[in-house]
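Colleague: The structure under discussion is supplied below as structure tokens; questions concerning it will follow.
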Amino acid sequence: MAGNTEGSRPLSSSVHTAMATISDVSTAPLSGQNYIDALLNTSPQWNYLTPAGNTIRYTFSTTGHPSDPDILSTPLAFSAAQQAATRTAMAYLSQVTGINFVETSNASLAQVHLANANIDGANTAGICMSSSEYGFLQGSQTITSYEASSYIYLDNVEWGTENANPTPGGQGYETLLHELGHMLGLGHPFDGDIRLPTATDNTNYTIMSYTHVGADRSTFSEYDIAALKWLYGEDGLGGALGIGSATGARYLAGTGVADQLTGTAFNDMLEGSGGNDILNGGAGTDTARYSGARAAYAVAQLGIGSWSVTGAEGTDTLSNIELLRFSDTTLTLNNVDTTAPAAPTLVVTKEGTAAASGNRPVFSGVTEAGAQVEVFNGATSLGTAAANASGAWSLTPVALANGAYSVTARATDAAGNASAASAAQSLTVSSARNLGGTTGTDTFTASAGNNHIDGGAGTDTVVYGGARADFTIVKSGAGYTVTDNVGAGGTDVLLADERIRFSDKTVGIDIDGVGGQAYRIYQAAFDRTPDQAGLGYWIKAMDQGTSLRDVAASFVAGAEFAALYGGSNPSNLTFVTKLYNNVLHRAPELDGLNYWLGILDNNQLGKAEVLAYFSEGAENQALVIGSITNGFEYIPFAG
2 MAGNTEGSRP LSSSVHTAMA TISDVSTAPL SGQNYIDALL NTSPQWNYLT PAGNTIRYTF
62 STTGHPSDPD ILSTPLAFSA AQQAATRTAM AYLSQVTGIN FVETSNASLA QVHLANANID
122 GANTAGICMS SSEYGFLQGS QTITSYEASS YIYLDNVEWG TENANPTPGG QGYETLLHEL
182 GHMLGLGHPF DGDIRLPTAT DNTNYTIMSY THVGADRSTF SEYDIAALKW LYGEDGLGGA
242 LGIGSATGAR YLAGTGVADQ LTGTAFNDML EGSGGNDILN GGAGTDTARY SGARAAYAVA
302 QLGIGSWSVT GAEGTDTLSN IELLRFSDTT LTLNNVDTTA PAAPTLVVTK EGTAAASGNR
362 PVFSGVTEAG AQVEVFNGAT SLGTAAANAS GAWSLTPVAL ANGAYSVTAR ATDAAGNASA
422 ASAAQSLTVS SARNLGGTTG TDTFTASAGN NHIDGGAGTD TVVYGGARAD FTIVKSGAGY
482 TVTDNVGAGG TDVLLADERI RFSDKTVGID IDGVGGQAYR IYQAAFDRTP DQAGLGYWIK
542 AMDQGTSLRD VAASFVAGAE FAALYGGSNP SNLTFVTKLY NNVLHRAPEL DGLNYWLGIL
602 DNNQLGKAEV LAYFSEGAEN QALVIGSITN GFEYIPFAG
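So, in structure tokens, the structure goes:
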């Protein structure tokens, strides 16, 4: 709730200080934007304070409070909690306006006075009463002095509970911030000739609204911020921007939707905020402001004097804009380099396998001289490095966790243009090898923490004490990572290991060795997922020397095979056709059919050998790999 009074007095012509006009201090300084103008009050106009300065003093002293019919009791001092909340709010006001708010115990020096009182009206939680006075030269419209004051009261009767401890996030703090908004010159969006549409007259858009939506506010909403930037330019009283600025320039901020903003004849600041905005600076040297770093935006010239700026907020179309201001740099548009560098090359130092050299692999490559290169694992940054005058760059990241990585690099030049990503490089990061095998068959027991287990030659098994469901197995380069999801096992890197044994299941990871061959011949012969017990039997047989051809011959001689392939001794034509149907899941092509019929008809190979060829052929391997890439479960044969 707010109240305003204004007074004037003529001064003698001996006072000659040039200032604003009577119209400036007695009318609201409209911007032409509804969401700003609906919030503007005629008083107070702090930008015209005399003597000029950038300080507004506030006090908790209750000395000298004027009487008012809306105040039903003697004003009482703010409590310690209320004073602390006010100091927090004043620091925030300084941040969004640029004004220096200073606390004083001397009420006669203060322009803003805060106190508790019983306010008339059961629905009134707070009130701000502002007044102003100006002097002007006799017979002139030019004012020579301007004074203003605001008295803010929080109700301590009907709203005493809410206002007693107005901490951020609570209703009392929002009330305090609402009244401070009045003190800064903001009015209600439903009063006056210019009003907000019903759809936006709520606290989602402005805390000056009486329509409360969602949680209590601890900051101003977007329309409030836009209005305050228009009034004060974010650089305080008498700064380069805002009403009464030293240069005449304005700060015009947009909203979260598409806006069309047009500057003045001076050096304005335009900020589209969200949405696809149209920014026209007009005359002067004007700046378009963006909240992010230069690298987060693409800048393109559309024509002479016309540009587009695209970022997460949307795409803005700019005309008569001379400068772009980002969070990390300001650019002159006429000199903007809009050409992105080529994607950098990326080399990762690895061991003979795909494992990185330790947990701090070296990333290096070549890019545009002087560019900044950032290396990513997916969307996660692993660090940045600067390219030298020759374009060479190198990055050694902090220690990386064990696991599989797919890294790319992007270069950003001095103008903020970002390249496309480099080709991805895959690697596995592991701790130093702490378990190594012999040339024979080894069994390792994984310990707590991260392990690097290299089985070497032979058929090697890694044993974990937990259940299979508690671990994640992922193919990574030339090996596997095994991550303990519930215990202290960490992430282990397994290289040249063939089997993993958990407390309840066994997993084969030698997909390019005996385990993979046994799985594929089973799948090929019977056109089904191998049963785990049968698969375990044939894996053991092959581990002990049984050839793939011998396994195929056993399958060909079996009843299940005969049922799928046209009997115990099908014709060569039937046999080959069924191989295509059951193994590759398609009809035979003529050349392939004739080739295999020739092989069989001329007794160059038997049916078992041909089955083995189909099983290990590239087409079948491609069909099966999705089922076994991260290992396959089987039941070891104990016989």
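Heads up, the sequence shown is in my numbering, so the first residue is 2 and it goes up one at a time. Built from N, CA and C at the ideal position, the CB exists for glycine as well.
1. Is the segment 226-238 touching the segment 37-44, taking contact as three or more C-beta pairs under 8 Å?
2. For the alpha helix (DSSP H) containing MET543, list its first residue and its last residue.
3. Does the beta-carbon of ILE626 have 16 or more other beta-carbons within 10 angstroms, so that it is buried, or is it exposed?
4. On the DSSP letters alone, give me the boundaries of the alpha helix (DSSP H) that ARG58 sits inside.
5. Count the other CB atoms, across all protein chains shown, that sit within 10 Å of the CB of THR256; report buried if there are 16 or more and exposed otherwise.
6. Contact check, VAL113 vs ILE72 under 8 Å by CB: the rounded distance?
7. Is the beta carbon of SER131 sitting closer than 8 Å to the one on SER44?
8. Taking just the CA atoms, how far does ILE128 sit from PHE61?
9. Does the beta-carbon of GLN373 have 16 or more other beta-carbons within 10 angstroms, so that it is buried, or is it exposed?
10. Pull the bridge partners of LYS641 from the DSSP assignment, please.
11. Provide the residue(s) that pair with TRP394 in DSSP beta bridges, ordered along the chain.
12. When DSSP builds the beta bridges, which residues end up paired with TRP1?
13. Just how far apart, CA to CA, sit GLY640 and ASP511?
14. Let's see if you can read the secondary structure: which residues bound the alpha helix (DSSP H) around ASN595?
15. Whole angstroms are fine: how far does the CA of VAL475 sit from the CA of ASP443?
16. Taking the alpha-carbon positions, what's the SER572 to ALA554 distance?
17. Please report the distance separating the alpha-carbon of ALA78 from that of LEU138.
18. Can you list, in chain order, the residues of its chain with a C-beta nearer than 7 Å to that of PRO342? Leave out the 5 residues immediately preceding and following it.
19. By a C-beta neighbour count over all protein chains shown, 10 Å radius and 16 as the cutoff for buried, is GLU175 buried or exposed?
20. Where do the N-terminal and C-terminal ends of the alpha helix (DSSP H) with GLN83 fall, by residue?
21. Mapping DSSP to helix, strand and coil, what is ARG361?
22. What residue range is occupied by the uninterrupted beta strand (DSSP E) comprising ARG550?
23. In this structure, how does DSSP classify ASN117 when only helix, strand and coil are distinguished?
24. Counting C-beta neighbours from all protein chains within 10 Å, is the total for GLY353 16 or more, i.e. buried, or is it exposed?
25. For ALA92, count neighbouring Cβ atoms within 10 angstroms of its own Cβ and tell me buried if that reaches 16, exposed if not.
26. Indicate the three-state DSSP secondary structure (helix, strand or coil) for THR75 in the structure shown.
27. Would you be able to state if there are at least three C-beta pairs under 8 Å between the segment 494-501 and the segment 459-475?
28. In whole angstroms, give me the CA-to-CA distance for GLY480 and ASP278.
29. Rank SER328, PRO637, ASN101, LEU280 by C-alpha distance to the C-alpha of LYS506 and give the top, closest one.
30. Give the DSSP-derived three-state secondary structure of GLY353 in the structure shown.
31. Please state the DSSP three-state secondary structure of GLY441.
32. What are the start and end residues of the beta strand (DSSP E) that includes ILE510?
33. By the 10 Å Cβ neighbour count, where 16 or more other Cβ atoms means buried, how is ARG529 classified, buried or exposed?
34. Under the rule that 16 or more other beta-carbon atoms within 10 Å means buried, what is ILE240, buried or exposed?
35. State the Cα-Cα distance for the pair ALA266 and ASN203, rounded to the nearest angstrom.
36. List the endpoints of the continuous beta strand (DSSP E) containing GLU375.
Modeller: Let's see:
1. yes
2. MET543 -> alpha helix (DSSP H) spans 533-544.
3. exposed
4. Note, ARG58: premise wrong, no alpha helix (DSSP H); beta strand (DSSP E) at 56-60.
5. It is buried - the Cβ of THR256 has at least 16 other Cβ atoms within 10 Å.
6. In fact, because the Cβ distance is near 16 Å, the residues do not count as touching under 8 Å.
7. yes
8. 15 Å
9. Counting of Cβ neighbours within 10 angstroms places GLN373 among the buried residues, the total reaching 16 or more.
10. Here the chain covers residues 2 to 640 and nothing more, so residue 641 does not appear.
11. TRP394 pairs with GLY366.
12. The question about residue 1 has no answer, for the chain in this structure spans 2 to 640.
13. 22 Å
14. 591-602
15. Their Cα atoms are separated by approximately 22 Å.
16. 16 Å
17. 40 Å
18. THR368, GLU369, ALA372, ALA412, ASP414, ASN418, SER420
19. The residue is buried, with at least 16 neighbouring Cβ atoms inside 10 Å.
20. 81-98 is the span of the alpha helix (DSSP H), which, as asked, contains GLN83.
21. Looking at ARG361 - three-state DSSP - the assignment turns out to be coil, as it is neither helix nor strand.
22. From DSSP, ARG550 is part of no beta strand (DSSP E) but of the alpha helix (DSSP H) over 549-557.
23. strand
24. For GLY353, the predicted structure reports a pLDDT of 45, less than 50, and the residue's modelled location is therefore unreliable. A value from the coordinates is still provided. With fewer than 16 Cβ atoms within 10 Å of its Cβ, GLY353 is classed as exposed.
25. exposed
26. Here THR75 sits in coil by DSSP.
27. yes
28. 52 Å
29. PRO637
30. With a pLDDT of 45 at GLY353, under the threshold of 50, the modelled position of this residue cannot be trusted; read the value that follows with caution. Three-state DSSP puts GLY353 in coil, outside helix and strand.
31. coil
32. Element bounds for ILE510: n/a, residue is neither H nor E.
33. By the 16-neighbour rule on beta-carbons within 10 angstroms, ARG529 is exposed.
34. Position check: residue 240 holds Gly in this sequence, whereas Ile was assumed. Buried.
35. 34 Å
36. GLU375 -> beta strand (DSSP E) spans 373-378.
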